[in-house]
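In this text, residue positions in the sequence shown follow my numbering: the first is 108, and each later residue adds one. Using N, Cα and C, we set each Cβ at its ideal position, and we do this for glycine too.
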Amino acid sequence: MNSLREVWGNRFGKYVMELQRYLQYVFTGHLAIVLLFSIGAAGYAYSEWLKDVPAELPAAWLIALLLAASTFIATPVTLLKPADAVYLLPLEKELPTYTGRALNWTFFSKLPLPIIVFIVALPMLSAYEIGSKQVFGLLLLLIIAAMWVSVRTEFLFRKANEGQGVWQDRFIRFVLSTLLFYAVLSQQWIILVIIAIAYALYGSLWMKKAAVKPFPYTHFIELEQNRMMGFYRFANYFTEVPHLKGSISKRSWLGLFMPDAHVERTDAQSFLLRRTFIRTDESFWLWLRLTVLSILGVVFIPFPIVAFVFIGALAFASAIQTLQTLRGGDEFRMDLLFPNTEETRPKEIFRLTERVQWLQAGFVLLAGLFMHGLSVTPFIMGAVVLIISEATIRLTTNKEEE
108 MNSLREVWGN RFGKYVMELQ RYLQYVFTGH LAIVLLFSIG AAGYAYSEWL KDVPAELPAA
168 WLIALLLAAS TFIATPVTLL KPADAVYLLP LEKELPTYTG RALNWTFFSK LPLPIIVFIV
228 ALPMLSAYEI GSKQVFGLLL LLIIAAMWVS VRTEFLFRKA NEGQGVWQDR FIRFVLSTLL
288 FYAVLSQQWI ILVIIAIAYA LYGSLWMKKA AVKPFPYTHF IELEQNRMMG FYRFANYFTE
348 VPHLKGSISK RSWLGLFMPD AHVERTDAQS FLLRRTFIRT DESFWLWLRL TVLSILGVVF
408 IPFPIVAFVF IGALAFASAI QTLQTLRGGD EFRMDLLFPN TEETRPKEIF RLTERVQWLQ
468 AGFVLLAGLF MHGLSVTPFI MGAVVLIISE ATIRLTTNKE EE
């Protein structure tokens, strides 16, 4: 049997290939455009806000909370498989070698998020004249240290408690991290030392408790399976994932949009596509999330031009994703049992996508009226969603026909 060091190396190589296999479909095409416009809009809004920051805002506390929020969730990436509960038992003495490499990867994979938050927060700290270069350097080191400790503490807590009560541990680390970062930003060095010692003692406590507990294979295997299924569900929005079986929900509360069928009057394709969209979790929740993001953009983005760009990018993503979802599917579809020609399906997909995008435009319009009152701006927002959606649907349809 191979050593656990070799086992980790082989699994990690396959894991990276699996990520590359699906991420090449995720970060291309329409999502890249959405990200580009969203980041640009957010950056512009942030820079405009920094020109006249509110004096009463507790900037140090806010940044400390954001940094703590980016470090306290540290789910370990173990790459364990169901068979490991049996086949790794003879090598259990070598298990720390395996888990050590797993925790190192977890640390480096989660470190970019707090670093990005730190970089984004620097202009805000400068605007409020908080800290200096030395303070920022110390803060960066503490962010790295907090991430390293969080990864190992969460792993030890899960090992000691077989995964039970993990959010209690996360809450404690969130509070400690918030106080730690605030102490640095406010340059309260005595409090900083006290919190750092408390953090170290907390980690040591779980190290001692975990040392006398057997390794809970079942918990970490289930955790790894759930983590990978979450990634596959995300990737399934952009390409077909064979590991994932789509989930269906009845959603009877949307019965208004799913009237009963009548043999003589109901169009089979329209009837089935409407139910496919509403009852398929991936397509419905993706459209709903993008619509909610558009509404939040209208409500919270103070600059209309930036809001136009943001909701336009989301309308583009929503329209093209709905088209792709409705066009996909298994080799067998229920509409093949109905006496309809195949040519009617593309037209109904086109119509249904138009209708759900009109509904999205209506929600955006209502949010705009709520924020800006009866003015031109809300109607421009609704028009942006309609125009971008129509252009996306028609251009995509023409491309498919060619």
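*Output the distance between the C-alpha atoms of N211 and R462, rounded to the nearest integer angstrom.*
Using only the alpha carbons, I get a separation of about 48 Å.
*Coil, strand or helix - T387 by DSSP*: In the three-state reduction of the DSSP assignment, T387 falls in the strand class.
*Cβ atoms of I402 and V483: under 8 Å apart, would you say?*
Not in contact: V483 and I402 (Cβ atoms no closer than 8 Å).
*Give the straight-line distance between the Cα atoms of K158 and S233, rounded to the nearest whole angstrom.*
Each residue's alpha carbon lies about 11 Å from the other.
*H326 versus V492: straight-line alpha-carbon distance, rounded*: Computed Cα separation, rounded: 45 Å.
*Grab me the residues of F486's own chain with a C-beta within less than 8 Å of its C-beta, minus the 5 sequence neighbours each way, in chain order.*
Once the five neighbours on either side are set aside, the close Cβ partners of F486 are L472 and G475.
*What is the DSSP secondary structure of G120, counted as helix, strand or coil?*
It is helical.
_Simplified DSSP state of E201, which is helix, strand or coil_ = DSSP, reduced to helix, strand and coil, places E201 within a helical segment of the structure shown.
*asked:* Please report the straight-line C-alpha distance between A420 and A305, rounded to a whole angstrom.
replied: Annotation: A420 to A305 spans about 46 Å, alpha carbon to alpha carbon.
*asked:* According to DSSP, is I500 part of a helix, a strand, or is it coil?
replied: In the structure shown, I500 falls within a helical segment according to DSSP collapsed to helix, strand and coil.
_Inter-residue CB distance, V413 and Y151 (contact presumed, cutoff 8 Å)_ = With 8 Å as the limit, V413 and Y151 qualify as a contact, their Cβ atoms being about 5 Å apart.
*Pick from I456, S145 and A317: whose alpha carbon is nearest that of L379?*
When each option's Cα is compared against that of L379, the closest is I456.
*Could you give the DSSP three-state label for D276: helix, strand or coil?*
Of the three classes helix, strand and coil, the one that applies to D276 here is helix, per DSSP.
*When we look at the beta-carbon of Q428 and count the other beta-carbons within 10 Å, is it buried (16 or more) or exposed?*
Counting other Cβ atoms within 10 Å of its Cβ, Q428 reaches 16 or more and is therefore classed as buried.
*asked:* The alpha helix (DSSP H) that contains I226, what's its start and end?
replied: For I226, the uninterrupted alpha helix (DSSP H) segment begins and ends at P219 to A234.
*G310 and V256 look like a contact to me (Cβ under 8 Å); what is the Cβ gap, rounded to whole Å?*
The Cβ separation is near 5 Å, so the contact holds.
*Pair within 8 Å by beta-carbon distance, T204 and R118*: A distance of 8 Å or more separates the beta carbons of T204 and R118.
_Nearest-angstrom Cα separation, counted from L218 out to F243_ = Answer to the nearest angstrom: the Cα atoms are 17 Å apart.
*What residue range is occupied by the uninterrupted alpha helix (DSSP H) comprising L173?*
Run containing L173: A166 to A176, per the alpha helix (DSSP H) assignment.
*Along the chain, where does the alpha helix (DSSP H) that runs through P189 open and close?*
No alpha helix (DSSP H) contains P189, which DSSP labels as neither H nor E.
*asked:* Taking the straight line between their C-alpha atoms, what separation do you get for P321 and E329?
replied: Looking at the two C-alpha atoms, the distance is approximately 17 Å.
*For G147, does the three-state DSSP call read helix, strand or coil?*
G147 falls in the helix class under three-state DSSP.
*For K266, does the three-state DSSP call read helix, strand or coil?*
Residue state, collapsed to three classes: helix.
*First and last residue of the uninterrupted alpha helix (DSSP H) at L312*: Note, L312: alpha helix (DSSP H), W296 to A318.
*For G475, which three-state DSSP category applies?*
The answer is helix: DSSP assigns G475 an H, G or I state.
*Could you spell out the range, first to last residue, of the alpha helix (DSSP H) harbouring Q431?*
Counting along the chain, Q431 sits inside the alpha helix (DSSP H) bounded by residues P411 to R434.
*Indicate whether I422 and I500 have their beta-carbon atoms separated by less than 8 Å.*
In the sequence as presented, Ile is not what sits at residue 422; that position holds Ala. Not a contact, by the Cβ cut-off of 8 Å.
*Cβ-heavy atom distance, Q131 to the ligand NAD, below 7 Å*: What this structure holds is no ligand at all, so the ligand NAD is not there to describe.
*asked:* Excluding the 5 residues flanking A253 on each side, which residues of the same chain have their C-beta closer than 7 Å to its C-beta?
replied: If the five residues before and after A253 are omitted, its C-beta is found closer than 7 Å to the C-beta atoms of T178, S284 and L287, all from its own chain and listed in chain order.
*Reduced DSSP category for G337 - H, G, I as helix; E, B as strand; rest coil*: For G337, the three-state secondary structure derived from DSSP is helix.
*Between the beta-carbon of R209 and the beta-carbon of L263, is there less than 8 Å?*
It should be pointed out that residue 209 corresponds to Ala in this sequence rather than to Arg. Contact: no.
*Between the C-alpha atoms of G337 and E389, what's the straight-line distance to the nearest angstrom?*
Looking at the two C-alpha atoms, the distance is approximately 12 Å.
*Whole-number beta carbon distance between F417 and G404, since they are thought to touch under 8 Å*: The pair is a contact, with the Cβ atoms about 4 Å apart (cut-off 8 Å).
*Please classify V300: is it buried, with 16 or more other beta-carbons within 10 angstroms of its beta-carbon, or exposed?*
Per the 10 Å Cβ criterion, exposed.
_Minimum C-alpha distance to P453 - residue among A468, L433, Q464 and G469_ = If we check each option's Cα against that of P453, L433 comes out closest.
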